[in-house]
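Those sequence lines, one after another, are chains A and B.
Every letter in the first sequence is one number past the one before it in numbering that gives the first Met the number 0, and letter 82, counting from 1, is 81.
Every letter in the second sequence is one number past the one before it in numbering that gives the first Met the number 0, and letter 259, counting from 1, is 258.
Think of the CB as a built atom: it goes at the ideal place given N, C-alpha and C, for glycine as much as any other residue.
Owing to the predicted nature of the structure, the values given are computational and were not obtained by experimental measurement.
Take a look at the structure set out below.
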Amino acid sequence: MPKPLIALIAAVLLAIGVSHFSDHIDPYYLDVITGVGINVILAVSLNLVNGYTGQFSLGHAGFMSVGAYLSAAVTLFLGPKLLGDSGGSDLAQGLVFLGALIAGGLGAALAGLAVGIPSLRLKGDYLALVTLGFGEIIRVVFQNVESLGGALGLNGIPNYTTVFWVYSFAALTVFTVVCLVRSTYGRGFLATRDDEIASESVGLNTTRYKIVAFVVGAFFAGVAGGLYGHFKLTITPTGFDFTKSIEIVVMVILGGMGNTPGVILAAILLTVLPEVLRAVDQYRMVLYSLLLIVLMLVRPKGLFNFDYAAIASRLARRLRRARG
Amino acid sequence: MTEFLQQLLNGLSLGAIYALIALGYTMVYGVLRFINFAHSDVFMVGAFIGFYVGERLPSGTITGGLVVLAAAMAGCAVLGILIERIVYRPLRGGPTLNVLITAIGMSLFLEYTGQLVFGATPRAFPSIFPAKVVEVHGLIISMNQVIVILVAAVLMVALEFTVYRTKIGTAMRAVALNPKAAQLVGINVDIVISFTFGLGSMLAAAGGVLYALNYPSIDPLMGVVPGLKAFVAAVLGGIGNIPGAALGALILGMVETFVDGSRWSTYKDAIAFAILIGILLFRPAGLLGRFAAEKV
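Structure (structure tokens):
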């Protein structure tokens, strides 16, 4: 069996294990753990677009909101009809939730396609602005749709998100992104990033690569949004504004664009740090912005951009030597 | 008919403010080929300088108002030059993505430092110019609107003069055309870029004070939305093109005012982005811009 698949199954099993004992874990820690998982999904999926494909998107929170709203709508409006008055068994609830998450992901992917086809003809600064603009348009639309709560948002979303769901999807995200980028097809993402004109001249359809990256990234952002909605139990359009997108972007840049382990580390760090540093919460965004500037000036490849494969093989060699 | 004229006037004064901001975007893009995201926050700082100076002056006089404008413009010129010198210059010539991220970082830094220094709650802006309202045939003209349009017009004429009739302006156009060739004929590119940032920031500061006059509450995040819209205006007119920025801003100001007066008013903030997406799809070089092929 290929290594990434083993890792995926192991992660899902671990998630089931942790979820099983979640009653014995302090609810506060459980909250933080769930938040970390959701942010890992967001950061790793954005990394496919910003890091591996080199297309700077500032609209990830917009796709997250599409997923959050759509999946919340499924469990709120469709769920009671499917589950009946009794509320259904755990399995039935789980299936409805899974369906809701996938619906949210697909909706976000569709939005990603709609945004991607026109805007991915643009580059750099323009692309960043157009994705930002789309994120804002999505927000304005949600604010105006009365059946989805308008500016007040949706309330009373069922509490379905568990550690199991979050970490299974986080593992699936990492698995998909890693396998995609390592595949023969996925080399096209890296080629598009490294030199678009050269890639085109050897016959790669760079626009298609960009759109695929965008749609896959948006799908997982939508799933993360669904998980977020069923975790916070209430969602408002303003919860998915520009600042949320920036937060995800900072994770990707801090971890090193195009470096999945680094991005995972950064997502964990940036979720846990604000919890630890509650006292200086008001300085958080100032610190983020300074971090962006200083990183670009001093270490543009990110803080955690090490050669993880080399470190692992060195460790393995040392272990072997110690044993032999 | 009166209502139409009223909307036209409101649109004109909104467009004039957008134009002042858009000119800064377009000039910096012209010489450096990058979007100065922090520009909208220089606009905010301008409004706050106006607020602090305006509080200390007797309100409601023309001279007082002009002093406030001058102070905000001078302060922001210094700020703009410092930002370029400290943050952007070390990255010049680097990958575009890094410059873009730095600019976003700078923008956020100004916004959130502003929240710490100025406080996050909106403040009422003092009425620094004499507040008078004149009614002509049912048309309501406020003194502030007249001042906005007049100041913007004067500043734009001054800009036109600087860019086309002075030595430094000629140097600016040369750098925009080809930085390397400009250097070869003895133009100090660093000074020209500093000057461009100073000039753009001055206009943004004036825009900030005028905006605060018409929408009289200011807060550290006030620059975000007008900044984005002004950027859209610059793209609409053709980024890097100075008359284009003014034209785009006027069109955008009008369109927005008319949408605001219609039954689609809740979608007002989305209009600018819809225009941006439309123009980038159908005429990416903008209304007055010229398309340049990318060469290897």
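How about residue i and residue j: do their beta carbons lie closer than 8 Å?
i         : j         : result
Gly-288/B : Gly-243/B : yes
Met-221/B : Ala-21/B  : no
Gly-206/B : Leu-19/B  : yes
Thr-52/A  : Thr-191/A : yes
Gly-49/B  : Val-153/B : no
Gln-6/B   : Leu-138/B : no
Leu-226/A : Leu-100/A : yes
Ile-245/A : Leu-41/A  : no
Ala-14/A  : Phe-163/A : yes
Ile-146/B : Phe-124/B : no
Gly-221/A : Ala-71/A  : no
Thr-172/A : Val-43/A  : yes
Ile-252/A : Ile-34/B  : no
Leu-179/A : Val-215/A : yes
Phe-36/B  : Met-105/B : yes
Gly-103/A : Ala-60/A  : no
Ile-263/A : Val-39/A  : yes
Leu-56/B  : Val-66/B  : yes
Ile-37/A  : Val-165/A : yes
Leu-151/A : Thr-237/A : no
Check the C-beta distance from residue i over to residue j and give it rounded, since I have them as a contact under 8 Å.
i         : j         : result
Gly-29/B  : Ala-204/B : Rounded, the Cβ-Cβ distance is 20 Å, inconsistent with contact.
Leu-153/A : Phe-241/A : 21 Å between Cβ atoms; not a contact.
Val-27/B  : Phe-196/B : 7 Å
Thr-270/A : Ile-156/A : Rounded, the Cβ-Cβ distance is 21 Å, inconsistent with contact.
Lys-228/B : Leu-212/B : Going by Cβ atoms, the distance from Lys-228/B to Leu-212/B rounds to 18 Å, so no, they are not a contact pair.
Phe-55/A  : Thr-74/A  : Contact flag wrong, Cβ pair sits at about 33 Å.
Ile-241/B : Thr-25/B  : 6 Å
Ala-71/B  : Asp-218/B : That belief does not hold up - the Cβ atoms of Ala-71/B and Asp-218/B are roughly 16 Å apart, past 8 Å.
Val-114/A : Phe-141/A : Not a contact, Cβ separation roughly 15 Å.
Phe-218/A : Ala-108/A : 4 Å
Val-139/A : Tyr-266/B : 6 Å
Met-171/B : Gly-113/B : So it is not a contact: roughly 29 Å between Cβ atoms.
Ala-151/B : Ala-271/B : With 8 Å as the limit, Ala-151/B and Ala-271/B do not qualify as a contact, their Cβ atoms being about 19 Å apart.
Tyr-111/B : Met-284/A : 4 Å
Val-224/B : Asp-268/B : 7 Å
Val-98/B  : Leu-90/B  : 5 Å
Leu-280/B : Pro-117/A : 5 Å
Gly-285/B : Ile-238/B : 6 Å
Would you mind telling me which residues of chain B sit closer than 7 Å to residue i, beta carbon to beta carbon, in chain order?
i         : result
Val-285/A : Phe-108, Tyr-111, Thr-112, Leu-115
Phe-55/A  : Leu-96, Leu-99
Asp-193/A : In chain order: nothing, as chain B lies at least about 11 Å away.
Ala-113/A : In chain order: nothing, as chain B lies at least about 11 Å away.
Ile-252/A : Ile-100
Output, in chain order, the set of chain C residues within a Cβ distance shorter than 9 Å of residue i.
i         : result
Thr-120/B : Looking for chain C here will not work: the only protein chains present are A and B.
For a contact meaning CB atoms closer than 8 Å, what does residue i contact in chain B?
i         : result
Val-139/A : Thr-265, Tyr-266, Asp-268, Ala-269
Ile-136/A : Ala-269, Phe-272, Ala-273
Asn-143/A : Thr-265, Tyr-266
Gln-92/A  : Neighbours of Gln-92/A on chain B: none; closest Cβ ~36 Å, over 8 Å.
Residues of chain A with CB closer than 8 Å to the CB of residue i, please, in chain order.
i         : result
Gly-74/B  : Going along chain A, no residue has its Cβ under 8 Å from Gly-74/B, so there is no contact; the nearest lies around 21 Å.
Ile-276/B : Pro-117, Ser-118, Val-129, Gly-132, Phe-133
Phe-33/B  : Asp-124
Find the residues of chain A that neighbour residue i, judging by a C-beta separation of less than 9 Å, and give them in chain order.
i         : result
Met-105/B : Ser-288, Leu-291, Ile-292
Phe-230/B : Leu-128
Pro-225/B : None at all; the shortest Cβ gap to chain A is about 14 Å.
Strictly below 7 Å CB to CB, what residues from chain A border residue i?
i         : result
Leu-279/B : Leu-121, Tyr-125, Val-129
| field | Complete alpha helix (DSSP H) runs within the segment 60-110 of chain A (minimum length 4 residues, chain order) | value | For the segment 60-110 of chain A, the continuous alpha helix (DSSP H) assignments of 4+ residues that do not extend past its boundaries occur at 78-82, in sequence order.
| Interface residues of the segment 115-129 of chain A facing chain B [CB-CB below 9 Å] | For the segment 115-129 of chain A, residues whose beta-carbon sits nearer than 9 Å to a beta-carbon of chain B comprise Pro-117, Ser-118, Arg-120, Leu-121, Lys-122, Gly-123, Asp-124, Tyr-125, Ala-127, Leu-128, Val-129.
| Which runs of the alpha helix (DSSP H), 4 residues or longer, sit entirely within the segment 4-92 of chain B? | Taken in chain order, the complete alpha helix (DSSP H) segments of 4 or more residues contained in the segment 4-92 of chain B are 38-55, 61-82.
| Got a sec: which bits of the segment 287-313 of chain A sit with their beta carbon under 9 Å from any beta carbon on chain B, in order along the chain? | Answer in chain order: Tyr-287, Ser-288, Leu-289, Leu-290, Leu-291, Ile-292, Val-293, Leu-294, Met-295, Leu-296, Pro-299.
| query | Counting only runs that start and end within the segment 3-49 of chain A, where is the alpha helix (DSSP H) found for 4 or more residues in a row? | reply | Whole alpha helix (DSSP H) segments, 4+ residues: 26-46.
| said: Give the list of continuous alpha helix (DSSP H) stretches no shorter than 4 residues that lie fully inside the segment 99-177 of chain B. | reply: Listed in chain order, they are 142-164, 166-176.
| request: May I ask you to list, following chain order, the residues of the segment 238-268 of chain A that have a beta carbon less than 7 Å from some beta carbon of chain B? | output: Within the segment 238-268 of chain A, the qualifying residues are Ile-245, Ile-252.
| Residue ranges of each alpha helix (DSSP H) within the segment 198-253 of chain B, 4 or longer | Taking only runs of at least 4 residues, the alpha helix (DSSP H) segments lying wholly in the segment 198-253 of chain B are 223-236.
| field | Within the segment 120-175 of chain A, ranges of the alpha helix (DSSP H) (whole runs, at least 4 residues) | value | Listed in chain order, the complete alpha helix (DSSP H) runs (minimum 4 residues) inside the segment 120-175 of chain A are 123-143.
| Of all the residues that make up the segment 75-93 of chain B, which are near chain A by a beta-carbon distance shorter than 8 Å? | Those residues of the segment 75-93 of chain B that come within reach of chain A (Cβ to Cβ, closer than 8 Å) are Val-86, Pro-89, Leu-90, Gly-93.
| task | Return the chain-ordered ranges of every beta strand (DSSP E) run that is complete within the segment 281-314 of chain A and spans a minimum of 3 residues. | result | Fully enclosed beta strand (DSSP E) runs of 3 or longer: not present.
| field | Unbroken stretches of the alpha helix (DSSP H), 4 residues or longer, contained in the segment 202-269 of chain A | value | Listed in chain order, they are 205-231, 241-254.
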